[in-house]
Amino acid sequence: MAFVKVCRRDELADGEALKLSQFPVDIALFNVGGEFFATQDQCTHGQWSLSEGYFDGDVVECALHLGKFCVRDGAVRSAPASVPLRTFAVRVEQDDVLVDFDAPAAGATAA
Amino acid sequence: MMLIVGFGIAGAAAARGLREGGFGGRIVIIGGEPLAAYDRPALSESVLSGEAAAPQPILPEGWAAAQGIEVRTGVRATRLDTARRELRLDSGDVLHWERLLLATGARARRISVPGCDLTNVHYLRDLADCTPLRAACRPGASLLIVGGGLIGCEVASTATTAGAKVVLLEAAPQLLTRALGAQVGAWCRERLEAKGVAVRLGARLAGLEGRGGKVCAALLADGSNVEADHVLVCVGAEPDVALARDAGIACDGGIVVDARGSTNIEGVFAAGDAARWPLRDGGSRVLETYLNSQAQGLIAAASMLGKGADKAQVLRGWTELAGHRVQIVGDIAGEGVVVQRGDQRLGTPLTLLRVVQDRVLAALSVDAGAEFGVAARLVESATPVSVQALGDPSVRLRDLLRK
Numbered sequence: 001m002a003f004v005k006v007c008r009r010d011e012l013a014d015g016e017a018l019k020l021s022q023f024p025v026d027i028a029l030f031n032v033g034g035e036f037f038a039t040q041d042q043c044t045h046g047q048w049s050l051s052e053g054y055f056d057g058d059v060v061e062c063a064l065h066l067g068k069f070c071v072r073d074g075a076v077r078s079a080p081a082s083v084p085l086r087t088f089a090v091r092v093e094q095d096d097v098l099v100d101f102d103a104p105a106a107g108a109t110a111a
Numbered sequence: 001m002m003l004i005v006g007f008g009i010a011g012a013a014a015a016r017g018l019r020e021g022g023f024g025g026r027i028v029i030i031g032g033e034p035l036a037a038y039d040r041p042a043l044s045e046s047v048l049s050g051e052a053a054a055p056q057p058i059l060p061e062g063w064a065a066a067q068g069i070e071v072r073t074g075v076r077a078t079r080l081d082t083a084r085r086e087l088r089l090d091s092g093d094v095l096h097w098e099r100l101l102l103a104t105g106a107r108a109r110r111i112s113v114p115g116c117d118l119t120n121v122h123y124l125r126d127l128a129d130c131t132p133l134r135a136a137c138r139p140g141a142s143l144l145i146v147g148g149g150l151i152g153c154e155v156a157s158t159a160t161t162a163g164a165k166v167v168l169l170e171a172a173p174q175l176l177t178r179a180l181g182a183q184v185g186a187w188c189r190e191r192l193e194a195k196g197v198a199v200r201l202g203a204r205l206a207g208l209e210g211r212g213g214k215v216c217a218a219l220l221a222d223g224s225n226v227e228a229d230h231v232l233v234c235v236g237a238e239p240d241v242a243l244a245r246d247a248g249i250a251c252d253g254g255i256v257v258d259a260r261g262s263t264n265i266e267g268v269f270a271a272g273d274a275a276r277w278p279l280r281d282g283g284s285r286v287l288e289t290y291l292n293s294q295a296q297g298l299i300a301a302a303s304m305l306g307k308g309a310d311k312a313q314v315l316r317g318w319t320e321l322a323g324h325r326v327q328i329v330g331d332i333a334g335e336g337v338v339v340q341r342g343d344q345r346l347g348t349p350l351t352l353l354r355v356v357q358d359r360v361l362a363a364l365s366v367d368a369g370a371e372f373g374v375a376a377r378l379v380e381s382a383t384p385v386s387v388q389a390l391g392d393p394s395v396r397l398r399d400l401l402r403k
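Line by line, the protein sequences give chains L and H. Quick note on numbering: the first sequence equals residues 1 to 111 in this note's numbering. Quick note on numbering: the second sequence equals residues 1 to 403 in this note's numbering.
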């Protein structure tokens with residue numbers, strides 16, 4: 001359990017996503033109205049980066065086959081995706097956004 | 001009983017749509033290939049290269065069984081009687097249906113030049129086509145590809161990466177003109193040539209020569225020869241309409257359907273590569289993309305349940321060319337102004353937007369996935385935009401969408 005700094009708050013605007021490559025698997029970090037959420041970057045269905053998907057509200061749509069996921073808990077919101085996303089705990093400390101690779105987000109559906 | 005003929009992406013999506021739409025009755029899917037619906041686009045890429053042993057299934061493992069859906073693979077429909085609502089199979093069985101979806105897909109268009117029946121002359125449509133073509137994707141192999149469309153360019157890229165010597169023939173003055181437009185075709189040609197592919201434009205195949213029954217060379221219309229121990233012919237697809245046409249269902253370059261997927265026969269629907277579907281921006285045609293087939297399967301399923309709504313289509317697809325991800329929405333070739341965002345010399349990331357009367361009718365991105373997602377929304381929502389704003393690199397597309 002270790003939170004590490006991944007970016008500054010002002011480096012990721014509301015409604016935007018950022019790919020984090022410094023972890024054992026790539027992570028997508030999302031800003032939902034000032035709240036930050038982290039999930040695995042690769043879609044569980046196809047070979048596509050979710051940080052390159054279409055992100056609206058708290059739902060990201062994979063650009064490859066148009067499967068959708070909730071970025072808060074990783075839950076599938078639309079087929080053809082069927083497996084939830086792995087999520088990661090995020091904490092904001094002052095101006096910094098931190099991610100814990102070893103801990104899931106609170107309320108996540110996937111381990 | 002709901003009967004789905006064809007177990008590709010359209011048929012699989014329809015099965016899902018029927019269950020998710022609340023239908024609890026009997027569903028039967030007939031598939032001609034010996035396996036469940038799979039990710040067909042991977043055949044020209046990861047499956048051909050051997051990176052993936054087999055394509056990913058479309059439906060989650062065990063889903064159909066858990067949903068009580070009867071799947072019959074390796075079976076072909078031989079005769080359809082729409083008056084009696086009967087479908088005869090090559091197994092001899094006769095199925096009675098209340099609603100029928102024809103998702104019979106398309107076949108590779110065949111050529112008939114001297115030598116076209118030689119061994120190692122390949123087509124690529126099904127998994128069974130992929131296995132023999134793998135022999136052409138290894139160091140020391142020489143592969144001639146006839147047709148510089150999406151499949152031709154994808155395989156040229158895959159085979160060259162695998163170490164094969166590749167010559168790519170295209171009859172038109174540029175690659176990919178029908179699928180992605182001449183500008184991106186020219187960009188792709190540069191990328192493929194940089195990888196070592198010999199691209200020959202304006203080139204027509206006149207015949208194939210063999211040695212011991214195997215192809216060894218191609219003769220071109222200009223009199224020149226190209227040596228090759230494998231030939232892949234990818235000159236387009238033809239919708240598989242035989243079953244429908246013989247049953248008296250209207251066909252014209254595909255099974256003709258309305259924007260709900262209904263054919264001219266009540267209770268009979270069509271979706272996917274076999275269906276000629278109305279387009280939002282006018283006209284109708286077979287779209288031949290994974291995403292449109294998926295969407296059409298879902299729309300047709302809703303129509304089969306009596307909950308259909310008109311959904312004229314906007315083309316939506318993707319491809320991987322020479323290591324670059326290309327995504328497209330709408331027809332990028334056509335009237336209007338094309339605005340380019342990104343590197344002005346067709347470097348990547350890049351997004352092209354075709355604008356007519358302050359509406360984005362089509363967009364194409366290379367390696368710009370996040371921007372493409374927004375561009376696709378601009379196209380689908382027909383949001384009014386100005387050409388000036390679209391071309392201004394300081395303006396985010398997302399901000400135009402929100403206005």
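Note that CB positions come from ideal geometry on N, CA and C, so glycine has one too.
Is there a C-beta anywhere in chain L that falls below 8 Å from the one on residue i?
{"i": "H/Leu-291", "result": "yes"}
{"i": "H/Gly-369", "result": "yes"}
{"i": "H/Trp-277", "result": "no"}
{"i": "H/Ala-14", "result": "no"}
{"i": "H/Pro-60", "result": "yes"}
{"i": "H/Phe-269", "result": "no"}
{"i": "H/Val-379", "result": "no"}
{"i": "H/Gly-373", "result": "yes"}
{"i": "H/Arg-398", "result": "yes"}
{"i": "H/Gln-67", "result": "no"}
{"i": "H/Trp-318", "result": "yes"}
{"i": "H/Gln-296", "result": "no"}
{"i": "H/Gln-313", "result": "no"}
{"i": "H/Gln-327", "result": "yes"}
For residue i and chain H, any beta-carbon pair shorter than 8 Å?
{"i": "L/Gly-53", "result": "yes"}
{"i": "L/Pro-104", "result": "no"}
{"i": "L/Ala-63", "result": "yes"}
{"i": "L/Ala-110", "result": "Below a pLDDT of 50, predicted positions are generally treated as unreliable, and L/Ala-110, at 47, falls in that range; no measurement from the model is reported."}
{"i": "L/Ser-78", "result": "no"}
{"i": "L/Gly-15", "result": "yes"}
{"i": "L/Leu-66", "result": "yes"}
{"i": "L/Ser-49", "result": "yes"}
{"i": "L/Ser-82", "result": "yes"}
Find out if the Cβ-Cβ distance for the pair residue i, residue j is shorter than 8 Å.
{"i": "H/Ala-228", "j": "H/Leu-144", "result": "yes"}
{"i": "H/Val-9", "j": "H/Arg-40", "result": "This sequence places Ile at residue 9 of chain H; Val is not what is there. The answer is yes: Cβ separation under 8 Å."}
{"i": "H/Met-304", "j": "H/Leu-35", "result": "no"}
{"i": "H/Ala-12", "j": "H/Leu-243", "result": "no"}
{"i": "H/Leu-219", "j": "H/Gly-207", "result": "yes"}
{"i": "L/Ala-38", "j": "L/Asp-102", "result": "no"}
{"i": "H/Gly-31", "j": "H/Phe-7", "result": "yes"}
{"i": "H/Ala-322", "j": "H/Lys-195", "result": "yes"}
{"i": "H/Glu-86", "j": "H/Val-94", "result": "yes"}
{"i": "H/Val-379", "j": "H/Arg-398", "result": "no"}
{"i": "H/Gly-330", "j": "H/Ala-368", "result": "no"}
For residue i, does the count of other Cβ atoms within 10 angstroms reach 16, so buried, or fall short, so exposed?
{"i": "H/Asp-240", "result": "buried"}
{"i": "H/Pro-132", "result": "exposed"}
{"i": "H/Ala-54", "result": "exposed"}
{"i": "H/Asn-225", "result": "exposed"}
{"i": "H/Arg-19", "result": "buried"}
{"i": "H/Gly-253", "result": "exposed"}
{"i": "H/Arg-402", "result": "exposed"}
{"i": "H/Asp-117", "result": "exposed"}
{"i": "H/Ala-301", "result": "buried"}
{"i": "H/Ser-365", "result": "buried"}
{"i": "H/Arg-260", "result": "buried"}
{"i": "L/Val-90", "result": "buried"}
{"i": "L/Lys-5", "result": "exposed"}
{"i": "H/Thr-119", "result": "exposed"}
For this session: Check whether the stretch 134-142 of chain H touches the stretch 214-232 of chain H, counting contact only when three or more Cβ pairs, one atom from each stretch, lie closer than 8 Å.
Result: Contact between the stretch 134-142 of chain H and the stretch 214-232 of chain H is present, because at least three Cβ pairs lie under 8 Å.
Exercise. How do the stretch 326-341 of chain H and the stretch 7-19 of chain L stand: do at least 3 beta-carbon pairs fall below 8 Å, yes or no?
Worked result: no
Exercise. Residue ranges of each alpha helix (DSSP H) run of no fewer than 4 residues wholly in the stretch 88-169 of chain H, ordered along the chain?
Worked result: Every alpha helix (DSSP H) of 4 residues or more that sits fully in the stretch 88-169 of chain H is shown, in chain order, as 127-134 and 150-161.
For this session: Can you check the stretch 293-332 of chain H for any beta strand (DSSP E) of at least 3 residues that lies completely inside it and give the ranges in chain order?
Result: Complete beta strand (DSSP E) runs here, min 3: 316-321 and 324-329.
Exercise. Are the stretch 268-285 of chain H and the stretch 91-108 of chain H touching, with three or more C-beta to C-beta distances below 8 Å?
Worked result: yes
Exercise. Does the count of Cβ pairs from the stretch 312-328 of chain H and the stretch 289-297 of chain H closer than 8 Å reach three?
Worked result: yes
Exercise. Does the stretch 169-188 of chain H touch the stretch 55-66 of chain H, meaning 3 or more C-beta pairs lie closer than 8 Å?
Worked result: no
Exercise. What are the start and end residues of each continuous beta strand (DSSP E) run of 3 or more residues lying completely inside the stretch 250-301 of chain H, in chain order?
Worked result: Taking only runs of at least 3 residues, the beta strand (DSSP E) segments lying wholly in the stretch 250-301 of chain H are 268-270 and 275-278.
Exercise. Can you list the alpha helix (DSSP H) stretches of 4 or more residues lying completely in the stretch 13-96 of chain H, in chain order?
Worked result: 46-49 and 63-66, all fully within the stretch 13-96 of chain H.
Exercise. Is the stretch 43-57 of chain H in contact with the stretch 122-136 of chain H, if contact means three or more CB pairs nearer than 8 Å?
Worked result: The stretch 43-57 of chain H vs the stretch 122-136 of chain H: in contact.
Exercise. So does the stretch 45-59 of chain L actually touch the stretch 20-37 of chain L, counting three or more Cβ pairs closer than 8 Å?
Worked result: Cβ pair count under 8 Å is three or more, so yes.
For this session: Identify every run of the alpha helix (DSSP H) within the stretch 209-256 of chain H, keeping only runs that are complete inside it and at least 4 residues long; order them along the chain.
Result: 242-246, all fully within the stretch 209-256 of chain H.
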